Amino acid sequence: MKKLLAALLFVGIGGLHAQENIEIEKKVTALLNQMTLEEKIGQMNQYNGFWNVTGPSPKSGNAAFKYNNLASGRVGSMLNIRGAKEVRKVQEIAVEESRLGIPLIIGFDLIHGYKTVSPIPLAETASWDLAAIERSAALGAREAAAAGINWTFAPMVDITRDARWGRVMEGAGEDPYLGSLVAAARVRGFQGDDLSDPFTIAACAKHFAAYGFAEAGRDYNTVDIGLNTLHNIVLPPFKAAADAGVRTFMNSFNDLNGIPATADRYLQRDILKGNWQFDGFVVSDWGSLREMIDHGYAKDRKHAGELALNGGSDMDMESYIYLEYIQSLLAEGKVTQEQIDDAVRRILRVKFELGLFDDPYRYCDESREKSVTGSKEIIDAALDMAKKSIVLLKNDNQILPLKKQGQKIALIGPLADDKNSPLGNWRIAADNGTAISVLEGMQAYKGNTLVHEQGVRLVDKIPAGFHEEVAINNTDNSGIAAAVAAAQNADIVVMALGEYGFQSGEGRSRAHLDLPGFQQELLEAVYAVNKNIVLVVMSGRPLILNWADAHLPAIVEAWQLGTQAGNAIAQVLYGDYNPSGKLPMSFPRAVGQLPLYYNHKSTGRPGADGEDAGSVFWSHYGDEKNSPLYPFGYGLSYTQFTYSDIRLSSNSLKKGGQLIAEVDVTNSGSLTGKEVVQLYLKDHYASATRPVRELKGFELIELKAGETQTVRFTIDEQLLAFYNAAGQWTAEAGDFSLFIGTDATTKRQVNFVLE
Ligand code: GLC
4 MKKLLAALLF VGIGGLHAQE NIEIEKKVTA LLNQMTLEEK IGQMNQYNGF
54 WNVTGPSPKS GNAAFKYNNL ASGRVGSMLN IRGAKEVRKV QEIAVEESRL
104 GIPLIIGFDL IHGYKTVSPI PLAETASWDL AAIERSAALG AREAAAAGIN
154 WTFAPMVDIT RDARWGRVME GAGEDPYLGS LVAAARVRGF QGDDLSDPFT
204 IAACAKHFAA YGFAEAGRDY NTVDIGLNTL HNIVLPPFKA AADAGVRTFM
254 NSFNDLNGIP ATADRYLQRD ILKGNWQFDG FVVSDWGSLR EMIDHGYAKD
304 RKHAGELALN GGSDMDMESY IYLEYIQSLL AEGKVTQEQI DDAVRRILRV
354 KFELGLFDDP YRYCDESREK SVTGSKEIID AALDMAKKSI VLLKNDNQIL
404 PLKKQGQKIA LIGPLADDKN SPLGNWRIAA DNGTAISVLE GMQAYKGNTL
454 VHEQGVRLVD KIPAGFHEEV AINNTDNSGI AAAVAAAQNA DIVVMALGEY
504 GFQSGEGRSR AHLDLPGFQQ ELLEAVYAVN KNIVLVVMSG RPLILNWADA
554 HLPAIVEAWQ LGTQAGNAIA QVLYGDYNPS GKLPMSFPRA VGQLPLYYNH
604 KSTGRPGADG EDAGSVFWSH YGDEKNSPLY PFGYGLSYTQ FTYSDIRLSS
654 NSLKKGGQLI AEVDVTNSGS LTGKEVVQLY LKDHYASATR PVRELKGFEL
704 IELKAGETQT VRFTIDEQLL AFYNAAGQWT AEAGDFSLFI GTDATTKRQV
754 NFVLE
């Protein structure tokens, strides 16, 4: 009976949505039929506000107010305007003064929290806790919606394998399976199950596509990859976001195989709007229409407008090209009325879904903004997410967790009292200096003696903000002596080292991934007098930690954890939270290994298990190992877990059938802890070469000391499917291996055949 009721309810809700959609389509069509060509083109035009610049902006004034564009209905959207009061101002002009009163959709980069900043997305992914990730997005949306924003340019779902790229901090790392689940979780978090709810906002899957494959990890650089990589690695998270109901896409700055994504028909019209039947809209990235001239793809601005609309870009962010040229391009037959109407229909559809026509000021309630911003619920969730994002990389002799009484602890490093860097690069709504520092977090533990020394300054001056280059201090190491003195008298040293907050993010690629500035010198000077060092790495990306790994007893990757960073780090160091994070990206031994990723191809000369000293004729470096320092999926706990052998229901999987693989996982340590049990599959041969293994399942479990849990995975053809040499998404019969373990290097294996 219950099942029948559930089914009826499901059909009912589905039917409700379908009915709502029909109503919305009628309203869209009715409005479209009233609009002049100029008003239609106005909807395709997005301007930046007057506060934040997240890209190269016009030198003077604000285009939205020039030539009376807003009041004339020539602006469909604005970005970087925030605050219920400020948004109401521009919304009133658009709604009260223009002929048809079409509300603006207000976009903003809510990447990881709004005023209350959560961990950077790469860090959140390290939690492998999809429910927590979804909740983090939902609470970020809550705070942003209260500030007038109804559209976020997130989730960024770009897969990347190159830690030199500054934007690795913004995504979910190197794996498409994990990246797909995180993408869907973030879309659900931002959009909820009712876009008209004034606490939910439209999400945006970006950057479509392959931006994370920029050559040499240099931001905005060219991308040249084959269809195999595009379909098997790059596109799955975008498809997952589309399947989760994301309402907008943003295209990317890069050219893909010679075609700038902004004008890429194959991506935007054939795949996204064609095969995937996506009915939301595509916004360009900042100025990317104009940049097709620099790409050497458009002759001039007008030509860029023609290419972009024909290629499937519906809204022009900050190029001012659609507004200026679409009318003449239409008159010259270079673009069609159908293309214009389709773009405008998509934009209006999302505005109706957001309920903006019912009440254009539904996001502009100043009293709501005051009560929601910085609420205890949001701050507590930021702390919870931060603790779950921390990855324990090394813990020899159980030096961690720290004792809570009677210890003399020296806290050393330029990031120890830094209240800005933990906010990361995309903190544009947060106030400076609002992160809890490591020092403040550790000062909350009163049972020990805590001394603090900066040791060295990381930057020569605090960057003015988002767009300014960071000047690393390479001249003044005078503070090292005081730090060494503090370390000399301490029982244990905690060192907070890593990257300045603005060293990762957009436009922040790095060719060297060592500890910047004098930090390595500081570390080795302290080590010379006290070897009991716990290194807390605070970074927006994997760094090269070879020396630390070879010398130090304990290392923690603490990323950029947002507003509650210091509390989260202290609670993990003191054992009030048992670290459970697992790496979403491989940590290299050398920059020369990049791009580096676990799901690599075998090659024709893989060597014996990757280390073959027999001759030089195998795929390797003469001066470095092939393996990462720390692999994908790796992370330790303060307790230990043991795995039974895998039990497989059969060694043969029939088409249409299923296999069950299970293991018993035991917490063989003395503390309750969490483990991410990971399932990897290997397709031994196929019509196109396949990775040596691929993540195809995981389960985050929590076990008390001594407790055992059976973890079960179901394997079917869908899990084995891939984009094959014939361009089909299908599973191919043949031999497979299945691995289950604690990270991507697990050797716990069974084999089966797909008939
Ligand atoms: C930036 C970024 C994009 C962001 C947009 C608006 O250049 O590439 O991710 O959403 O501009 O700020």
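Per our numbering, residue 4 is the first one in the sequence shown, and the count goes up by one each step. Just so it is clear, CB atoms sit at the ideal spot from N, CA and C, and this is done for glycine as well. Computed from a prediction, not measured in an experiment: that's the story for all the values here.
Simplified DSSP state of residue i, which is helix, strand or coil
i           : result
residue 201 : coil
residue 47  : coil
residue 432 : coil
residue 566 : helix
residue 381 : helix
residue 320 : strand
residue 172 : helix
residue 360 : coil
residue 399 : helix
residue 674 : coil
residue 92  : helix
residue 411 : strand
residue 54  : In this prediction, residue 54 scores a pLDDT of 38, lower than 50, which makes its location untrustworthy; no coordinate-derived value is stated.
residue 145 : helix
residue 32  : helix
residue 80  : strand
residue 276 : helix
residue 392 : helix
Distance, residue j Cα to residue i Cα
i           : j           : result
residue 573 : residue 758 : 53 Å
residue 197 : residue 362 : 15 Å
residue 709 : residue 671 : 5 Å
residue 83  : residue 497 : 39 Å
residue 106 : residue 289 : 21 Å
residue 314 : residue 746 : 41 Å
residue 461 : residue 516 : 15 Å
residue 228 : residue 262 : 12 Å
residue 178 : residue 639 : 20 Å
residue 121 : residue 378 : 13 Å
residue 475 : residue 690 : 49 Å
residue 225 : residue 260 : 8 Å
residue 449 : residue 443 : 11 Å
Cβ shell of residue i (< 8 Å), same chain only, five flanking positions each side left out
i          : result
residue 1  : Only positions 4 to 758 of the chain appear in this structure, which leaves residue 1 out of reach.
residue 28 : 352
residue 86 : 150, 151, 372
residue 78 : 45, 48, 49, 50, 67, 72, 97, 107
Burial state of residue i (16 or more Cβ within 10 Å)
i           : result
residue 618 : exposed
residue 520 : buried
residue 577 : buried
residue 250 : buried
residue 732 : exposed
residue 271 : buried
residue 383 : exposed
residue 608 : exposed
Same chain, Cβ closer than 6 Å to residue i, neighbours up to 5 away in sequence not counted
i           : result
residue 752 : 740, 742
residue 716 : 664, 682, 700
residue 234 : 726
residue 438 : 422, 425, 426, 566, 568
residue 626 : none
residue 1   : No information on residue 1 is available, as it lies outside the stretch 4 to 758 that the chain covers here.
residue 396 : 558, 560, 633
residue 452 : 411
Contact set for residue i: own chain, Cβ-Cβ below 7 Å, skip 5 residues either direction
i           : result
residue 424 : 418, 503, 504, 541, 563
residue 694 : 602, 603, 604
residue 404 : 576, 577, 578, 641
residue 703 : 131, 132, 677, 679
residue 744 : 646, 681, 751
residue 455 : 414, 419, 420, 442
Any non-hydrogen atom of the ligand HEM closer than 8 Å to residue i Cβ
i           : result
residue 509 : Ligands in the displayed structure: the ligand GLC; the ligand HEM is not one of them.
Any chain B beta carbon closer than 9 Å to residue i
i           : result
residue 591 : Looking at the structure shown, chain B is missing, and only one protein chain is on hand.
- Message: Taking 8 Å as the cut-off, does the stretch 288 to 295 touch the stretch 343 to 361 (at least 3 CB pairs, one atom from each stretch)?
- Response: The stretch 343 to 361 is not in contact with the stretch 288 to 295.
- Quick check: the stretch 218 to 226 against the stretch 160 to 176, are there 3 or more CB pairs under 8 Å? yes
- Message: Below 8 Å, how does it come out for the stretch 233 to 240 and the stretch 206 to 213: are there three or more Cβ pairs, yes or no?
- Response: yes
- Specify whether the stretch 485 to 495 and the stretch 531 to 546 touch according to this definition: at least 3 beta carbon pairs, one from each stretch, less than 8 Å apart. yes
- Message: Does the structure place the stretch 553 to 563 close enough to the stretch 575 to 590 that three or more beta carbon pairs sit under 8 Å?
- Response: yes
- Query: How about the stretch 137 to 151 and the stretch 115 to 127: do they share at least three Cβ pairs that are nearer than 8 Å?
  - Reply: yes
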